[in-house]
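Enquirer: Can you read through this structure? Questions will come right after.
Protein chains in written order, with my numbering: chain A, 16 to 142; chain B, 15 to 152.
Below, the structure written as structure tokens:
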């Protein structure tokens, strides 16, 4: 890793951030449709169609595309092991965004669980 | 409020979406193999490379898988919180080591087992937290 640890870490943070923004747009687009969970296929396809014509969703896709491009740059600069372990910061971004933007009730158990997953992924990726 | 609860059905959907995502990587990798002899150095060779990939049936299989993952993931998010769905989707970090031990007889280091254990504990905690929440809302 000659390019500098800080640069790679900030790039990974950038992909995670863009991916989180994508998920936020997707979740808010889905919530805006007030879809009632069902296993009726016709209703599911109607739901997917209405989702696909929601502008917010495509805004999210743009961020997803940026995330993919930056990720490719990351992979060209860093080891896959390191990239994946650092990418686990994604879970922290999602938790923070869910708490502050979507106002989901996180609770102690969910914070602790998310933290354990991050530690676990770092162990799995580095071993 | 059944909406916030992680049920067995949602867990199945999550595992299915995880497996499909693996299929996406597999298909896309396969679709580039037929063109791997092409040296992509400039725009013209890039176009040739993309043409070969584009006509590979694996590429279209991959696109189909991408769309299926999108449908599954949208259904999951319509039922549970984002802060529950994303952590539980880390299930593959448990599934992949287990599958590689049982079916591929791979050796797994102690540190990796420790990591798998941490992820498992985290997934259980996050799932339980959404159940508690659902009961409080009742």
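Glycine residues also receive a C-beta, built at the ideal position from the N, C-alpha and C atoms.
#1: If distances are taken between C-alpha atoms only, which option among A:93, A:129 and A:115 comes closest to residue 105 (chain A)?
#2: So, is residue 53 (chain A) buried or exposed, given that buried needs 16 or more other C-beta atoms within 10 angstroms?
#3: Measure the alpha-carbon distance for residue 128 (chain B) versus residue 68 (chain A) and round it to whole angstroms.
#4: Using a beta-carbon distance cut-off of less than 8 Å, what residues from the segment 23 to 46 of chain B approach chain A?
#5: May I have a chain-ordered list of the alpha helix (DSSP H) segments no shorter than 4 residues that lie completely inside the segment 55 to 137 of chain B?
#6: Which residue wins for smallest C-alpha separation from residue 78 (chain B), given the options B:116, B:61, B:106 and B:35?
#7: How is residue 15 (chain B) classed by DSSP in three states: helix, strand or coil?
#8: Under a Cβ-count criterion, where at least 16 other Cβ atoms within 10 Å of its own Cβ denotes burial, should residue 16 (chain A) be classed as buried or exposed?
#9: Taking CB distances under 7 Å as the criterion, tell me whether residue 116 (chain B) reaches chain A.
#10: Going along the segment 129 to 140 of chain A in order, which residues come within less than 9 Å of chain B, judged by CB to CB distance?
#11: Does residue 135 (chain B) get closer than 7 Å to chain A when you measure Cβ to Cβ?
Expert: Checking against the coordinates, here is how it stands:
#1: For the purposes of this step, residue 105 (chain A) is identified with residue 90 of the first chain, where counting begins at 1. Ranking A:93, A:129 and A:115 by Cα distance to residue 105 (chain A) puts A:129 first.
#2: Counting from one through the first chain, the residue named residue 53 (chain A) turns up at place 38. Exposed.
#3: Here residue 128 (chain B) corresponds to residue number 114 of the second chain, with the count starting at 1. Here residue 68 (chain A) corresponds to residue number 53 of the first chain, with the count starting at 1. When rounded, the distance between both Cα atoms is 44 Å.
#4: none
#5: 57 to 68, 71 to 93, 96 to 102 and 106 to 116
#6: Residue 78 (chain B) sits at position 64 when you count from the first residue of the second chain. Selected option, being the one with the closest Cα: B:35.
#7: On the second chain, position 1 is the one that residue 15 (chain B) refers to. Note that residue 15 (chain B) scores 40 on pLDDT, short of 50, meaning its location in the model is unreliable and no value can be drawn from it.
#8: Taking the first residue of the first chain as 1, we reach residue 16 (chain A) at position 1. Caution applies to residue 16 (chain A), whose pLDDT of 48 falls short of 50 and renders its modelled position unreliable; the value that the coordinates give is listed next. Residue 16 (chain A) is exposed by the Cβ-count criterion.
#9: Residue numbering aside, residue 116 (chain B) sits at position 102 when the second chain is read from its first letter. Cβ-Cβ to chain A under 7 Å: no for residue 116 (chain B).
#10: 129, 130, 131, 132, 133, 134, 135, 136, 137, 138, 139 and 140
#11: Within the second chain, residue 135 (chain B) is the residue found at index 121, counting from 1. Closer than 7 Å to some Cβ of chain A, the Cβ of residue 135 (chain B) qualifies, so yes.
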